[in-house]
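Colleague:
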Amino acid sequence: MPTSYQCSKPIAMPWASLKSQKSRSFRHSACIVVCWLACIVCFRLGHLSYVGETIHLCHRGAKLQTTTMLVRERRGTLLPKTTDVKTAGGERSKASSFASDGEKDARRLTSQIKKVLTPAELLGILDEAVDAPYFNCFHVSAAYHRLAIFQQSGSLPRNCAESTVLPRLNSQVENMLMLEQLDARATANVLWALAVLLGAVPLVTSLIHDLAQDVQDKASELNTHDLSNCLWASAKLKDVAPDVLNVVPALIAQIRGKAGDMIPQQLSNCLWASAHLKDDAPDVLDIVPALAAHIPRKASDMIPQALSNCLWASAHLKDDADVLNVVPALIAQIPGKAGDMIPQQLSNCLWASARLKDVAPDVLNVVPALIAQIPGKLGEMVPQELSNCLWASAHLKDDAPDVLDIVPALAAHIPRKASDMIPQQLSNCLWASAHLKEVAPDVLKVMPALVAQIPGKAGDMIPQQLSNCLWASARLKDVAPDVLKVVSALAARLPSRAVDMKPQGLSNCLWASAHLKDVAPDVLKVVPALLAQIPGKAGQMTEINLSQCRWAVEELKDVAPEVLKIEAALMARRKAKAASP
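Everything in the sequence shown is counted per the numbering used here, starting at 25 for the first residue and increasing by one.
#1: With a CB to CB cut of under 7 Å and the five nearest residues on each side skipped, what residues in its chain are close to Asp234?
#2: Touching or not, the stretch 209-221 and the stretch 239-247, by the rule of three or more beta carbon pairs under 8 Å?
#3: How many Å lie between His71 and Ile355 at the Cα?
#4: Spell out a yes or no on whether the stretch 463-471 and the stretch 445-452 are touching, meaning 3 or more CB-CB pairs, one atom from each, closer than 8 Å.
#5: Just to check my reading of the structure: Pro392 and Asp426 have Cβ atoms closer than 8 Å, yes? What is that Cβ distance to the nearest angstrom?
#6: At 4 residues or longer, and completely inside the stretch 557-592: list those alpha helix (DSSP H) runs for me, N to C.
#7: Exposed or buried, what is Ile149 when buried is set at 16 or more other beta-carbons lying within 10 Å of its beta-carbon?
#8: Cβ atoms of Asn270 and Ala236: under 9 Å apart, would you say?
#9: Would you call Glu409 buried or exposed, if buried means 16 or more other Cβ atoms sit within 10 Å of its Cβ?
#10: Check for me: the alpha helix (DSSP H) holding Cys161 runs from which residue to which?
#11: So the candidates are Glu586, Met565 and Val387; which of them puts its Cα closest to the Cα of Lys599?
#12: Counting along the chain, where does the alpha helix (DSSP H) carrying Ser244 start and finish?
#13: DSSP three-state call for Val431: helix, strand or coil?
#14: Strictly by DSSP, which residues pair up with Leu222?
#15: Please identify the residue among Ala323, Pro352, Phe162 and Pro407 whose C-alpha is closest to the C-alpha of Asn389.
#16: Rounding to the nearest angstrom, what Cα-Cα distance links Asp386 and Cys413 in this structure?
#17: Can you give the Cα-Cα distance for Asp502 and Arg321, rounded to whole angstroms?
#18: Run the CB neighbour count on Gln357, radius 10 Å, all protein chains shown included, and call it buried at 16 or more, exposed below.
#19: Rounded to a whole number of angstroms, what is the C-alpha to C-alpha distance between Pro306 and Pro288?
#20: Suppose you measure from the CA of Ala396 to the CA of Ile430; what does that come to, to the nearest Å?
#21: Taking only three categories from DSSP, how would you classify Met471?
#22: What I want to know is whether the C-beta of Asp234 ends up closer than 8 Å to one or more non-hydrogen atoms of the ligand ZN.
#23: Can you give me the C-alpha to C-alpha distance between Pro266 and Gly483, rounded to a whole angstrom?
#24: Taking only three categories from DSSP, how would you classify Lys599?
#25: Among the candidates Gln572, Val583 and Gly563, whose CA atom is the shortest distance from the CA of Ala593?
#26: So, are the CB atoms of Cys493 and Leu454 less than 9 Å apart?
#27: In angstroms with no decimal places, state the Cα-to-Cα distance between Pro157 and Arg131.
#28: To the nearest angstrom, how far is it from the Cα of Leu295 to the Cα of Leu341?
#29: Going by DSSP in three states, Glu127 sits in which element: helix, strand or coil?
#30: Among residues of its own chain, excluding the 5 on either side of Leu500, which ones have a beta-carbon nearer than 6 Å to its beta-carbon?
#31: Between Glu591 and Ala172, what straight-line distance do the alpha-carbon atoms span, to the nearest angstrom?
#32: Secondary structure at Pro439, three-state DSSP: helix, strand or coil?
#33: So, with DSSP's three-state summary, where would you put Lys260?
#34: Is it true that the CB of Leu141 sits closer than 9 Å to the CB of Ala167?
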């Protein structure tokens, strides 16, 4: 941007009769200076854009003084048409007139989109305007942003996906991308909005691919707000449009140097996204130290959601990156803001506390504040949040025994939402019940609901979930015998999944088989598959795993004598552990 105005030719001043014209010349000069200063002020305030324009000045019939200045036109308008305007001396000059009808329509549409109060109103406006020649990138960005805001507030109707307007809006974005008419900010806004709208509107994966490519090309032009939103969107969209991961390297290259300029919400979004992306785009871990360096001094300004997201992310990243230095700052803020947390945030914080307690024991200080809020908000919790709270209670019962106070309330709410639980949530609840049965027997009230769901969803369980369910069944068989109804379904799935089991899962399954052999003989179908895997993984087993396997061999050798084949591998591992320093 130029810092001074340029004149096309000097301003002619009539100095011939200086004495007689002193007063008039002074006023004339003052007039020019005032106009000049007015242009400078408008430029500084950002109301004008650079356009060559001729400014005509005259004073009481004096000779017309002409100067060409660089002036700024109002943002958002095109160069206006000019009309003749009579000067004081009867001459005509060019002056700005009203903008064209198309320009007026464009400005009016921008204002309408910003002011809409309902999704129906927005879709109605777009239906008339989306194919108009004046529909531009600002309208695209504003429209998607409003849709995303409606989705976040819960006011976007479920039948919104049936609208014929949205495919046309997507088509406009594709055309603008092809013609390179979207700037970096607009592209980032649309990508963010699509991530927010995930599941609510039809997403065109090719559109996401093209948006990601455009963001990748323009990453250096993005500010911290847009960088944060794009990384967050990449984490949200990666499962439905894996191509979005291509943008991550360009984003992290910029974030690393700009983390210090980020506000708390942006830091939180980036840390949350890093936790979600670490397995699919491991390079994202490179920015975690930069984020972790700035979060502690900005934690006091974080809202409850940002605090919850950071604690949750820290729990996920604790084994992959140096992130634990942010935990003290977070736990200093959470107790005072727990009362403003929604159910999801409370659930995530309790879950994270259970995950972090061994590496950051001070996190236990937030548990009392969380459990004081949870009982009153259990009715609003979705299945995942209920499952997380029960799982965390089982993990925290020895270190923060007050957590047991919320178990009866959890047990009262879980049965009516068990039918909506996915396999992981059912597995976590069954595992937690086995751990809590003695210290919080009310948890057994959830058993009938869990038992009714697990057989039908066992086929979708991963090895760890199958192992946890079989182990829990063995632990619960005496106090909740109905749990034996799930054993046949588990035993039918386990043999094909044993090859992917970790050493702990193998030892748990063999231990459970020994416990269940007399009350649920179908479990013996699992044993051959376990025995095929244990010798090759015995070297990775802990002392507890080895003890479980050796005990199971003794219990099973009469009904499944082939278990004796693994004794040599178990003994070799035990000797190796004894010999190691």
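Beta carbons: idealized from backbone N, C-alpha and C, even for Gly.
Modeller: Based on what the coordinates show:
#1: Translated into the one-based positions of the sequence shown, residue 234 becomes position 210. Cβ neighbours of Asp234 beyond the five flanking positions: Glu198 and Leu201.
#2: yes
#3: If you number the sequence shown from 1, residue 71 lands on position 47. If you number the sequence shown from 1, residue 355 lands on position 331. In this prediction, His71 has a pLDDT of 40, which is less than 50 and means its spatial position is unreliable; nothing more can be read from the coordinates.
#4: no
#5: In the sequence shown, residue 392 corresponds to position 368, counting from 1. In the sequence shown, residue 426 corresponds to position 402, counting from 1. Right, the Cβ-Cβ distance comes to about 6 Å (below 8 Å), so this counts as a contact.
#6: 567-580
#7: Within the sequence shown, residue 149 is the residue found at index 125, counting from 1. Answer is buried; the Cβ neighbour count reaches 16.
#8: Translated into positions along the sequence shown, residue 236 becomes position 212. Translated into positions along the sequence shown, residue 270 becomes position 246. Contact: yes.
#9: Residue mapping note: residue 409 aligns to position 385 of the sequence shown, counting from 1. Glu409 is buried by the Cβ-count criterion.
#10: As a working mapping, residue 161 is identified with position 137 in the sequence shown. Unbroken alpha helix (DSSP H) run through Cys161: Cys161 to Ser177.
#11: Taking the sequence shown and counting its residues from 1, the one referred to as residue 599 is at position 575. The shortest C-alpha separation from Lys599 is found at Met565.
#12: Numbered from 1 along the sequence shown, position 220 holds the residue referred to as residue 244. Here Ser244 belongs to no alpha helix (DSSP H), and DSSP marks it neither H nor E.
#13: Locating residue 431 in the sequence shown gives position 407, counting from the first residue. Helix.
#14: The residue you call residue 222 lines up with position 198 of the sequence shown. The partner list for Leu222 (beta bridge, DSSP) reads Val225.
#15: Along the sequence shown, one-based indexing puts residue 389 at 365. Among Ala323, Pro352, Phe162 and Pro407, the Cα nearest to that of Asn389 belongs to Pro352.
#16: Here residue 386 corresponds to residue number 362 of the sequence shown, with the count starting at 1. Here residue 413 corresponds to residue number 389 of the sequence shown, with the count starting at 1. Whole-angstrom Cα-Cα distance: 19 Å.
#17: Taking the sequence shown and counting its residues from 1, one reaches residue 502 at position 478. Taking the sequence shown and counting its residues from 1, one reaches residue 321 at position 297. Approximately 52 Å, taken between the alpha carbons.
#18: If you number the sequence shown from 1, residue 357 lands on position 333. Its Cβ being crowded by 16 or more others within 10 Å, Gln357 is buried.
#19: Taking the first residue of the sequence shown as position 1, residue 306 is located at position 282. Taking the first residue of the sequence shown as position 1, residue 288 is located at position 264. The alpha-carbon atoms of Pro306 and Pro288 are separated by roughly 23 Å.
#20: As a working mapping, residue 396 is identified with position 372 in the sequence shown. As a working mapping, residue 430 is identified with position 406 in the sequence shown. Cα to Cα, Ala396 sits roughly 9 Å from Ile430.
#21: Position 447 of the sequence shown holds residue 471. Correct three-state label for Met471: helix.
#22: Absence of the ligand ZN is noted for the structure shown, with no ligands found whatsoever.
#23: Working through the sequence shown from its first residue, we reach residue 266 at position 242. Working through the sequence shown from its first residue, we reach residue 483 at position 459. Roughly 26 Å separates the two Cα atoms.
#24: As a working mapping, residue 599 is identified with position 575 in the sequence shown. Here Lys599 sits in helix by DSSP.
#25: Stepping through the sequence shown from its first residue, residue 593 is reached at position 569. Considering only alpha carbons, the answer is Gly563.
#26: Locating residue 493 in the sequence shown gives position 469, counting from the first residue. Locating residue 454 in the sequence shown gives position 430, counting from the first residue. Cβ distance < 9 Å, so Cys493 and Leu454 count as in contact.
#27: Numbered from its first residue, the sequence shown carries residue 157 at position 133. Numbered from its first residue, the sequence shown carries residue 131 at position 107. If you take the alpha carbons of Pro157 and Arg131, they lie about 13 Å apart.
#28: As a working note, residue 295 is residue 271 in the sequence shown. As a working note, residue 341 is residue 317 in the sequence shown. Near 9 Å, if we compare the C-alpha coordinates of Leu341 and Leu295.
#29: For this step, residue 127 is matched to residue 103 along the sequence shown. Correct three-state label for Glu127: helix.
#30: Numbered from its first residue, the sequence shown carries residue 500 at position 476. For Leu500, where only same-chain residues beyond five positions count, the Cβ hits under 6 Å are Ala458 and Val507.
#31: Within the sequence shown, the letter at position 567 stands for residue 591. Within the sequence shown, the letter at position 148 stands for residue 172. Near 60 Å, if we compare the C-alpha coordinates of Ala172 and Glu591.
#32: Looking up residue 439 in the sequence shown gives position 415. Helix at Pro439.
#33: Stepping through the sequence shown from its first residue, residue 260 is reached at position 236. Note: Lys260 maps to helix in three-state DSSP.
#34: As a working mapping, residue 167 is identified with position 143 in the sequence shown. As a working mapping, residue 141 is identified with position 117 in the sequence shown. No, the pair does not count as a contact, with Cβ atoms beyond the cut-off.
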